[in-house]
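Residue numbers (this note's numbering): 856 to 1217.
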């Protein structure tokens, strides 16, 4: 049965084109997907991401538990409100999910996990938490609205009362603050500045309307996907999964092997890949010819064949971009098989876009 967020009726009233996304009835767009993309890059747009799951983790040993659970090290979180991006791995170092964890106090951390993996995540986390005495609570009473773009923060601040706007002005990146009944995190999935705001579900529609009245326009999953790919951000299930390690997904920067005495699930495999190299690598591609790079297309390199993971037409760049997973080593001249024709592509470092403009070398 398809699930609905608390904002489903709101999306429909705005004329959204609704699609099934991982078992959720979600807005693909509200009109022009390209215009929604540019709206976020140039001004401010908002997304309903309430299909994602908020988990509250509580207990005397919750920090010890997260140090064991995650590949990144929560000891980096020394100040309440700070956030950390990490992968959660199985024993083979396959990525069960990628997530953000927030430090609220020494007995309370908050986590936001992906929608499609929510059930398996909760089962995995709950089973692992038992021996640490940690209680895992899915917060079904909460919704999440992401407000993104160069003017996003100012639009949100205009809705604040008293000293709350000033508090948010001082909020650093990858930090969060409780402002009234809103949990406001300066994080996002677009490459733009802004907030991901966790709001009580029963007031989400009202808050969405207030954002609309403040000039923030809605954007759907289509624009969210092109924005995140331009920003060089992975999509779980497409760019990584349980058959992929963080090193094979260009997420080595999220792996904390120091201190060496910290044991976490998957550490042994990652330590070997760090020393010997991973068998596969993820690269960025740009196609200067007309056409679109799409998931599943064959990629030909000097080391052998790979495939396109995420691929799309970049509205900001005006050309096709993609992630590809290919064998490790020098790739040489790279081509993509598009309907039997080998099309040359350029290998580039990602992100492809930063601050609304093409990155150097793109």
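All residues carry an ideal CB built from backbone N, CA and C; glycine is no exception.
Helix, strand or coil at residue i according to DSSP, with G and I counted as helix
{"i": "residue 1150", "result": "coil"}
{"i": "residue 869", "result": "coil"}
{"i": "residue 1101", "result": "helix"}
{"i": "residue 1084", "result": "helix"}
{"i": "residue 1072", "result": "strand"}
{"i": "residue 906", "result": "coil"}
{"i": "residue 1025", "result": "coil"}
{"i": "residue 884", "result": "strand"}
{"i": "residue 1018", "result": "coil"}
{"i": "residue 1046", "result": "coil"}
{"i": "residue 973", "result": "helix"}
{"i": "residue 1212", "result": "strand"}
{"i": "residue 1096", "result": "coil"}
{"i": "residue 1200", "result": "strand"}
{"i": "residue 965", "result": "strand"}
{"i": "residue 1013", "result": "coil"}
Close-in-space but distant-in-sequence residues of the same chain around residue i (CB under 6 Å, 5 per side omitted)
{"i": "residue 1172", "result": "1213"}
{"i": "residue 1121", "result": "944, 948"}
{"i": "residue 1125", "result": "948, 1110"}
{"i": "residue 1211", "result": "896"}
beta-carbon residue i near the ligand SAM non-hydrogen atom, thresh 6 Å
{"i": "residue 1052", "result": "The ligand content of the structure shown is nil, which means the ligand SAM is not present either."}
Residue of the options minimising C-alpha distance to residue i
{"i": "residue 1151", "options": "1113, 1061, 1092", "result": "1092"}
{"i": "residue 968", "options": "909, 997, 979, 913", "result": "909"}
{"i": "residue 1140", "options": "1164, 900, 907, 1159", "result": "1164"}
{"i": "residue 1119", "options": "1193, 996, 923", "result": "923"}
{"i": "residue 1095", "options": "930, 942, 890, 896", "result": "942"}
{"i": "residue 1107", "options": "1209, 978, 1130", "result": "1130"}
{"i": "residue 1086", "options": "874, 1166, 1039", "result": "1166"}
{"i": "residue 1071", "options": "898, 1015, 1211", "result": "898"}
{"i": "residue 962", "options": "914, 1117, 936", "result": "914"}
{"i": "residue 1194", "options": "1038, 933, 1153, 1209", "result": "1153"}
{"i": "residue 863", "options": "1209, 1073, 1113", "result": "1073"}
{"i": "residue 1006", "options": "1066, 1115, 880, 866", "result": "1066"}
{"i": "residue 979", "options": "996, 994, 950", "result": "950"}
{"i": "residue 1208", "options": "1162, 1083, 1145, 1192", "result": "1083"}
{"i": "residue 887", "options": "1123, 1079, 1181", "result": "1079"}
{"i": "residue 1062", "options": "997, 1028, 1123", "result": "997"}
{"i": "residue 1196", "options": "1174, 1179, 1144, 1211", "result": "1144"}
{"i": "residue 1128", "options": "1088, 1100, 1022", "result": "1100"}
Backbone CA spacing between residue i and residue j [nearest angstrom]
{"i": "residue 1137", "j": "residue 986", "result": "36 Å"}
{"i": "residue 1046", "j": "residue 1215", "result": "16 Å"}
{"i": "residue 1097", "j": "residue 1104", "result": "11 Å"}
{"i": "residue 1068", "j": "residue 885", "result": "17 Å"}
{"i": "residue 870", "j": "residue 1059", "result": "18 Å"}
{"i": "residue 1009", "j": "residue 1002", "result": "10 Å"}
{"i": "residue 1075", "j": "residue 902", "result": "6 Å"}
{"i": "residue 1056", "j": "residue 1177", "result": "36 Å"}
{"i": "residue 1188", "j": "residue 856", "result": "46 Å"}
{"i": "residue 880", "j": "residue 1115", "result": "44 Å"}
{"i": "residue 895", "j": "residue 1064", "result": "18 Å"}
{"i": "residue 1142", "j": "residue 1217", "result": "10 Å"}
{"i": "residue 1035", "j": "residue 1135", "result": "47 Å"}
{"i": "residue 868", "j": "residue 916", "result": "46 Å"}
{"i": "residue 1205", "j": "residue 1041", "result": "22 Å"}
{"i": "residue 1016", "j": "residue 1031", "result": "18 Å"}
{"i": "residue 1102", "j": "residue 1160", "result": "19 Å"}
C-beta contact flag for residue i and residue j at 7 Å
{"i": "residue 858", "j": "residue 878", "result": "yes"}
{"i": "residue 952", "j": "residue 976", "result": "yes"}
{"i": "residue 883", "j": "residue 1043", "result": "no"}
{"i": "residue 1168", "j": "residue 1198", "result": "no"}
{"i": "residue 935", "j": "residue 954", "result": "no"}
{"i": "residue 1156", "j": "residue 1186", "result": "yes"}
{"i": "residue 1037", "j": "residue 1054", "result": "yes"}
{"i": "residue 932", "j": "residue 925", "result": "no"}
{"i": "residue 990", "j": "residue 981", "result": "no"}
{"i": "residue 1191", "j": "residue 1181", "result": "no"}
Other residues of its chain near residue i: CB distance less than 8 Å, five sequence neighbours each side excluded
{"i": "residue 921", "result": "912, 929, 956, 964"}
{"i": "residue 907", "result": "967, 968, 969, 970, 973, 999"}
{"i": "residue 1112", "result": "1122, 1125, 1126, 1129"}
Close Cβ partners of residue i (< 7 Å) along its chain, the five nearest in sequence each way excluded
{"i": "residue 1132", "result": "1183"}
{"i": "residue 1081", "result": "892, 1167, 1169, 1170"}
{"i": "residue 1117", "result": "922, 928"}
{"i": "residue 1149", "result": "1163, 1166"}
Interface flag, residue i vs chain B, CB-CB below 7 Å
{"i": "residue 910", "result": "The structure shown contains no chain B; it holds only a single protein chain."}
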